[in-house]
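Heads up, the sequence shown is in the numbering used here, so the first residue is 7 and it goes up one at a time.
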Amino acid sequence: MSKVFRNHINGEYIDSVSGETFENRNPANRAEVIGIFPKSTAEDVDKAVKAARAAYKDWRLVPAPQRGEIMKKAGDIMVERKEEISRLMTREMGKVIAETRGDTQEGIDTAYYAFGESRRMYGRTVPSELPNKFNMTSHIPIGVAGLITPWNFPMAIPTWKVFPALTCGNSVVFKPASDTPATAALFVEILIDAGVPPLAINIVHGTGSGVGTPIVEHPDINLISFTGSSKVGKIINEKAGKDLKRVSLELGGKNAEIVMDDANLNLALEGVLWGAFGTTGQRCTATSRLILHEKIHDKFVDMLGDSTQKLKTGNGLDESVDVGPLINKEQLEIVHSYVEIGKNEGATLLSGGEPDESEDLKKGFFYKPTIFVGVDRNMRIAREEIFGPVLSVIKVSSFDEAIEVLNDSNYGLSSSIYTQDVNSAYCAMRDIEAGITYINGPTIGAECHMPFGGVKETGNGHREGGWAVYDFFSETKTVYVDFSAKLQRAQIDNR
Ligand code: UN1
7 MSKVFRNHIN GEYIDSVSGE TFENRNPANR AEVIGIFPKS TAEDVDKAVK AARAAYKDWR
67 LVPAPQRGEI MKKAGDIMVE RKEEISRLMT REMGKVIAET RGDTQEGIDT AYYAFGESRR
127 MYGRTVPSEL PNKFNMTSHI PIGVAGLITP WNFPMAIPTW KVFPALTCGN SVVFKPASDT
187 PATAALFVEI LIDAGVPPLA INIVHGTGSG VGTPIVEHPD INLISFTGSS KVGKIINEKA
247 GKDLKRVSLE LGGKNAEIVM DDANLNLALE GVLWGAFGTT GQRCTATSRL ILHEKIHDKF
307 VDMLGDSTQK LKTGNGLDES VDVGPLINKE QLEIVHSYVE IGKNEGATLL SGGEPDESED
367 LKKGFFYKPT IFVGVDRNMR IAREEIFGPV LSVIKVSSFD EAIEVLNDSN YGLSSSIYTQ
427 DVNSAYCAMR DIEAGITYIN GPTIGAECHM PFGGVKETGN GHREGGWAVY DFFSETKTVY
487 VDFSAKLQRA QIDNR
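What follows is the structure in C-alpha cells.
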C-alpha cells in the first residue's frame, strides 16, 4: 500500500476539496511509488489563505527572537532526521545521496541562520533635522506569503523561503513542486513539531495551474516568492503585478565557467565536472557553458572527455554513483531534443548524447553525461537553459573575448573563472554580468548566509539567502517620535 499524504490546512491534515489525487514515483525506478498526494484547486488555496490570515494576527506579535527559537528547533530536528530526509529526497527526485545530504544541510544552516538573524533584523536610528525628535526604522511583517518551490532542491529551497518568511512574522501558504511533495510534507511536519503555530504553515499540493495560479491571484496573499523557469516567472510577475504584490523571482540560468590559459587545469576540470553534472545538471546554477582559452583548449577537452567517461550513472542511493536520473520523462525528452538541436546546429558530440538504457537503468530516466565541442555562442545549445547533463564547449582566443562570450546571454545567475592571474580575477569580478561569480571554483556551491540571485532574465532584482532575504520578507517602517511638545514643521521651522 502506498503512503497517502494530505494537505496541511487550518491546522489539520485534510484531502483536497475535489478528492482527486496524484501519484509520485521514484525517477530512478518507476516501479516504486513514493506516495499519493491530493490534487488541489483554488478552493483548497482559499481555505489555506483564510487560515494563514487568521494565524497572522497573533504570529506577527510574537517577538522575533522567540520565532527564531522555533526555527532553531526545526533545525535541530532536521539534524536528528538528516539521514531519513536525505534518503527520502534521493528516492523522490533522484540526485545522489551525498548531494541530498548537502541539500538537507543547507536547510539546517538556513534554520540556524534564521535563529541568529531573529535577534538582529536591524533597523536604524538616524538623527532628526529638528530638535527633540527621534527618527528610526524597523522591520515589520507583511502578511500572508505564497511560496512556490521547485523540485531540484526539495528541502533547501523551501527552507530559503519558509524560514525567513516565518521569522519575519509572516504566515505561509506553501506549494511545493508536484515532483517532490514528500520531502516538502516532511518539512512541514518538522515545522509543526518545532512549534510553528499550525495555522501559520499551510501546504497545498498540486500542479502549477491548479494551485500555483490561485496562490498568485489570491487577493489576500501579500507577497509571492517563486523559484522556477523564466517563462513561468514572467507570467507570475505579470499576474501579481496587477495587484501590486511584492514578488521575488529566482529563475533560469545559462552559467559559464571560463578556463584561462594560466589556470590550474586539474582544478578547473574537477570544477566543471561537478558544476555540469552535479544534480544531473538540473540546477539553475549548473555549468552549461565551458569557455576555454585556445591555448589549453585541445588538452582540456581530452582531459574532460576521459574524466566524463569515468562518471558512474545510477541509483543515487548507491554511494559509488556520481550521476542520478533526470526528474521525469518530460525532462528526459527536453534534454534529448536539445541534443538533436545541437547536432543539427553543427556542434560535435564529445560524449553522451543519449538516454542510458543499460540493464539496471532501464527502470528510470537516466541520460548519459553529454558534452558538445565546437559550439558557437549563437547556437541554441549555447543560449537556452536545458536543465540536464549537457555541457557546451566554446573556444575563445583572449580574456576579453571570454568575458564577452560569457556575458552574451539572456541570463545572469552564476559564473566562474579559473585563472591564477590576480588582475584577470579582479577584472572578471567587476565585468561579469551575473549575480554570483566564483574565482577558481565551479558555478555551484552557494552558502545559505550569502545573497543568492541573478541579473537579466534570471530574476527581478531580489535576493534570497543571507540578510538580503530578510528585506524581502518584511516592510521598512519609518517612525518619528517628537518629544518637543510642540508642532515642528520639517523643512520649514528649522530654516
Ligand atoms: C539551484 O540551482 O536552484 O549553489 C539552487 C548551489 C546550491 C543552490 C542551487 N547551493 O548550487
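All residues carry an ideal CB built from backbone N, CA and C; glycine is no exception.
Being a predicted model, the structure only gives us computed values, none of them experimental.
Can you tell me which of the options puts its alpha carbon nearest to the alpha carbon of residue i?
{"i": "I297", "options": "S124, V379, W473", "result": "V379"}
{"i": "R97", "options": "P187, K237, E49, I76", "result": "P187"}
{"i": "D414", "options": "L397, G370, K462", "result": "K462"}
{"i": "I438", "options": "M456, F458, Q426, Y417", "result": "Y417"}
{"i": "I264", "options": "V475, I400, H342, F159", "result": "I400"}
{"i": "N272", "options": "G322, Q497, M309, T285", "result": "M309"}
{"i": "E18", "options": "P33, A54, A491, M456", "result": "A54"}
{"i": "A262", "options": "L153, E112, N384, A440", "result": "A440"}
{"i": "F393", "options": "E365, E90, E336", "result": "E336"}
{"i": "F371", "options": "M77, H342, A496, S124", "result": "H342"}
{"i": "L153", "options": "H211, N32, I347", "result": "H211"}
{"i": "G447", "options": "W280, A162, M142", "result": "W280"}
{"i": "N158", "options": "R289, D406, E244", "result": "R289"}
{"i": "Q315", "options": "F306, K305, T285, G358", "result": "G358"}
{"i": "R1", "options": "K301, E351, V411", "result": "A question about residue 1 goes unanswered here, because the residues of the chain that appear run from 7 up to 501."}
Contact defined as beta carbons within less than 8 Å: I believe residue i pairs with residue j. What is the distance between those atoms, to the nearest angstrom?
{"i": "T449", "j": "S422", "result": "5 Å"}
{"i": "T269", "j": "A282", "result": "Correcting the residue type first, residue 269 is Ala in the shown sequence and not Thr. In fact, because the Cβ distance is near 16 Å, the residues do not count as touching under 8 Å."}
{"i": "I148", "j": "S480", "result": "7 Å"}
{"i": "N466", "j": "L255", "result": "5 Å"}
{"i": "A388", "j": "S398", "result": "5 Å"}
{"i": "F169", "j": "A200", "result": "Not a contact, Cβ separation roughly 11 Å."}
{"i": "M435", "j": "T443", "result": "6 Å"}
{"i": "P203", "j": "A61", "result": "5 Å"}
{"i": "Y373", "j": "D362", "result": "6 Å"}
{"i": "L419", "j": "G460", "result": "3 Å"}
{"i": "F180", "j": "N208", "result": "7 Å"}
{"i": "M84", "j": "I227", "result": "Not really, about 27 Å apart at Cβ, beyond 8 Å."}
{"i": "P457", "j": "A474", "result": "4 Å"}
{"i": "N32", "j": "G41", "result": "N32 to G41, Cβ: 11 Å. No contact."}
I need the straight-line Cα distance from residue i to residue j, nearest angstrom please.
{"i": "D52", "j": "T482", "result": "28 Å"}
{"i": "M95", "j": "I409", "result": "37 Å"}
{"i": "I15", "j": "A151", "result": "14 Å"}
{"i": "P395", "j": "L257", "result": "18 Å"}
{"i": "N334", "j": "Y486", "result": "55 Å"}
{"i": "S24", "j": "N13", "result": "12 Å"}
{"i": "D382", "j": "A353", "result": "8 Å"}
{"i": "G100", "j": "V327", "result": "11 Å"}
{"i": "I103", "j": "S92", "result": "7 Å"}
{"i": "A80", "j": "D427", "result": "44 Å"}
{"i": "C174", "j": "V253", "result": "16 Å"}
{"i": "D109", "j": "R495", "result": "54 Å"}
{"i": "A183", "j": "P156", "result": "5 Å"}
{"i": "V217", "j": "T27", "result": "13 Å"}
{"i": "I76", "j": "E112", "result": "17 Å"}
{"i": "G74", "j": "M127", "result": "11 Å"}
{"i": "R125", "j": "Y118", "result": "12 Å"}
{"i": "W65", "j": "K492", "result": "37 Å"}
Taking its Cβ as the centre, do 16 or more other Cβ atoms sit within 10 Å of residue i, making it buried, or is it exposed?
{"i": "G287", "result": "buried"}
{"i": "G234", "result": "buried"}
{"i": "A70", "result": "buried"}
{"i": "F489", "result": "exposed"}
{"i": "N429", "result": "exposed"}
{"i": "V132", "result": "exposed"}
{"i": "K4", "result": "Given that the chain is displayed from residue 7 to residue 501, the structure contains no residue 4 and the question cannot be resolved."}
{"i": "F140", "result": "exposed"}
{"i": "T106", "result": "buried"}
{"i": "D324", "result": "exposed"}
{"i": "Y476", "result": "buried"}
{"i": "S364", "result": "exposed"}
{"i": "R501", "result": "exposed"}
{"i": "K260", "result": "buried"}
{"i": "L67", "result": "exposed"}
Checking 8 Å against the spacing of the C-beta atoms, do residue i and residue j come in under that value?
{"i": "S215", "j": "L275", "result": "no"}
{"i": "P164", "j": "A206", "result": "no"}
{"i": "V222", "j": "A246", "result": "yes"}
{"i": "S46", "j": "S22", "result": "yes"}
{"i": "P220", "j": "D249", "result": "no"}
{"i": "L356", "j": "I377", "result": "yes"}
{"i": "P375", "j": "A34", "result": "no"}
{"i": "S177", "j": "A58", "result": "yes"}
{"i": "G129", "j": "S144", "result": "yes"}
{"i": "M266", "j": "F405", "result": "yes"}
{"i": "I347", "j": "R386", "result": "yes"}
{"i": "W166", "j": "T116", "result": "yes"}
Consider the Cβ of residue i: report whether some Cβ of chain D lies at a distance smaller than 8 Å.
{"i": "A48", "result": "No chain D is present in this structure, which holds just one protein chain."}
- Message: Quick check on the contact list: which residues have their beta carbon closer than 6 Å to a heavy atom of the ligand GDP?
- Response: Of the ligands one can find in the structure shown, namely the ligand UN1, none is the ligand GDP.
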